[in-house]
Amino acid sequence: MRYLILGSGPAGIAAAKAARKLDKDAEVILATEERAAPYLRPLLPDLVAGDRELSGVADPQGKDLAESGVKLLGGKRARRVDAAKNRVAFSDGSEETYNFLCIATGGRPILPLSLMGAMGSFLFLNSLGDAQRVRERAMRSDTTVVYGPGYLGIEAARAMRKLGNQVIWINPGLPRFGNPISGDVEARVTDQLRARGVKVHEGTEIADVIDVDGRNFEVVTAGGGKVPCHLIVVATERLPNIGFLGGSGVNSGAGILVDEYLRTNVSNIYAAGDCAEVFDINRRENRINFGWRSALKQGQLAGENMAGGTKVYIKNAEDYFGLLYGTPLAERAGA
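Going by numbering that gives the first Met the number 0, the sequence shown opens with residue 0, and the numbers climb by one from there.
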């Protein structure tokens, strides 16, 4: 049996290890577009802030993949899934076949229309490479505008302020997807950020960005306000990374539609983590459930079910908001 897993985040690694554990004679391939060793995405703001070294964000569950019998292939960006022939084509021209496929490609940040014409003025904070670029650029900057709703914006603002930058957080409001932080928690955390010197502009959008001289920028808000800065950090919502599934026959909405067993409409293809739109057996609807801990649970269940299991996924609200890799959000904001 050959299991192919796309993505080296928590869902992908958990799926690979679970399948390998139950099917000890199987070949398990973990293909990822990342070149770096698996890392803990929730800890990237700590890397930016200087609270952790690079080794401190390594994902412990990714350290023993080879010993577990999982083959890790880096630099493999999926371009097409041929479900009829059980194979995946990658951007480097290579292909991998499978008996079972688990898609755990996570998400990609949304870029606001107002920033599409301002390339060079902003950096994302989404990947390890992004975090390293943000830290290096911030060390040469004095004032940073952070754009993004919810805990992603909160974490980016916290990190940039701890690094010593003057920070203006433009918070457009509630995220459209996933599970937003409760109003009381977000209000408390926002007050903590204000106490640390972060200026907060709530309920507005970036309307435009003016490049003043290549180093200085002027952010124009929807209300007509003007905010001078040296750097814009985009910490927006992430949408499922599933563009490569076009023409595959795998059903999708905003994410990959899966049932309570994490199985798609194609019987030997599963999906887990931020790219999956999971059927909630309590609400009787499919929902995207962003979150590190939820991705771990989904990945493990998908891996087990690919290898013959029949476990049902049940949503637990604590897995999706309020916690960032085990640490309460309010506690991190006040640190």
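A virtual CB, placed ideally from N, CA and C, is assigned to each residue, including glycine.
- When the alpha-carbon of E33 is set against those of M138, V265, G8 and Q191, the nearest one is in G8.
- Separation of the CB atoms of D273 and A294 is rounded to 6 Å, and the pair is thereby assigned contact status at 8 Å.
- The C-beta distance from I12 to G298 rounds to 7 Å, short enough to meet the 8 Å contact threshold.
- For P227, the enclosing beta strand (DSSP E) starts and ends at K225 to C228.
- Counting only runs that start and end inside the stretch 87 to 141, the beta strand (DSSP E) elements of at least 3 residues fall at 94 to 96, 99 to 102, 106 to 108 and 121 to 123.
- Here R78 has A88, F89, S90 and F243 as same chain residues with Cβ atoms under 7 Å from its own Cβ, once five neighbours each way along the sequence are excluded.
- S266 is classed as exposed because its beta carbon has fewer than 16 other beta carbons within 10 Å across all chains shown.
- When Cβ pairs closer than 8 Å are counted between the two stretches, the stretch 141 to 150 is seen to touch the stretch 225 to 243, the count reaching three or more.
- Counting C-beta pairs with one atom in each stretch, the stretch 62 to 72 and the stretch 27 to 41 have three or more that are closer than 8 Å, which means they touch.
- Between L53 and A15, the gap from beta carbon to beta carbon reaches 9 Å or more.
- Between the alpha carbons of A301 and A270 lies a distance of about 7 Å.
- For the pair N240 and G105, the CB atoms are nearer than the 9 Å cut-off.
- Of all C-beta pairs linking the stretch 129 to 145 to the stretch 159 to 174, three or more are shorter than 8 Å, placing the two stretches in contact.
- Going by beta carbons, V226 and V257 fall outside the 9 Å limit.
- One thing to note: R157 has its Cβ within 9 Å of the Cβ of V197.
- Secondary structure at N281: coil, using DSSP grouped into helix, strand and coil.
- Rounded to the nearest angstrom, the gap between the Cα atoms of L238 and I205 is 19 Å.
- Note on geometry: alpha-carbon atoms of S113 and E217 lie some 13 Å from one another.
- In this structure, DSSP gives T189 a helical state, which the three-state scheme calls helix.
- 9 Å or more divides the Cβ of Y38 from the Cβ of A10.
- Excluding the 5 residues flanking it on each side, P108 has same chain C-beta neighbours closer than 6 Å at F123, N125, T235 and R237, in chain order.
- The closest CA to that of Y260, considering only T96, I313, G172 and S93, is found on I313.
- N85: not part of any beta strand (DSSP E); DSSP gives it neither H nor E.
- Judged by their CB atoms, I268 and V80 are nearer to each other than the 9 Å cut-off.
- Residue state for F289 is assigned as coil, using DSSP reduced to three classes.
- If you draw a 10 Å sphere on the C-beta of V208, you find 16 or more other C-beta atoms in it, and that means buried.
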